[in-house]
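Anchor point for the sequence shown: position 125 equals 125 in the UniProt record's numbering, and the numbering is continuous, going up by one each time.
From the three backbone atoms N, C-alpha and C, an ideal C-beta is built for every residue, glycine too.
Taking it in order: structure first as structure tokens, then the write-up.
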Amino acid sequence: MRGRDAARKPWHIGVEWRRVTVRATVISPNGDLRGEGATALQRTLAGELTGTPDVMVLDMSDLEQLDGDGIAALTSIAELAAAEGIRFCLVVPPQSALSTHPQVATLMETFPTFGSVADALQGRPSPGQP
């Protein structure tokens, strides 16, 4: 999906999701999680909750940009997942450009965060995570 944000800057976002086991879904957005891109991701992920996996892993490895709309979309999805009894966690690789983003740091304090999808599926937290 492509569009322009409120400041008329172009954005693009793609979303890949896969059911890796009967109980786990991995969502891998790529591109810009901002503006309408964030809204598009929110709609996509809300639809994915209908399959009710036990765990939803949001892999942020390929995100390039993130803004307040993106943070709001992620928080909303996490709340929907919690309401359905689905465990929600993030993957933010230590070498990722977003790993030092202040708003991502807040998300990492709020949600279980892992350094890789494999770690998330096995429940091994990133350094500094409880």
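Per DSSP, reduced to three states, the secondary structure at Thr75 is helical. Taken through DSSP and simplified to helix, strand or coil, Gln122 comes out as helix. Our two residues, Gln95 and Ile86, have alpha carbons roughly 28 Å apart in a direct line. Within a 10 Å sphere around the beta-carbon of Gly70 sit 16 or more other beta-carbons, which makes this residue buried. For the UniProt domain "STAS" (26 to 124), the continuous alpha helix (DSSP H) assignments of 4+ residues that do not extend past its boundaries occur at 35 to 48, 68 to 83, 102 to 110, 117 to 122, in sequence order. Between the alpha carbons of Glu16 and Thr113 lies a distance of about 19 Å.
Between the alpha carbons of Leu121 and Val104 lies a gap of roughly 20 Å. Taking a C-beta distance under 8 Å as the contact criterion, Leu45 and Leu90 do not qualify as a contact pair. Minimum Cα-Cα distance from Leu66 among the listed residues Arg23, Leu107, Val22 corresponds to Leu107.
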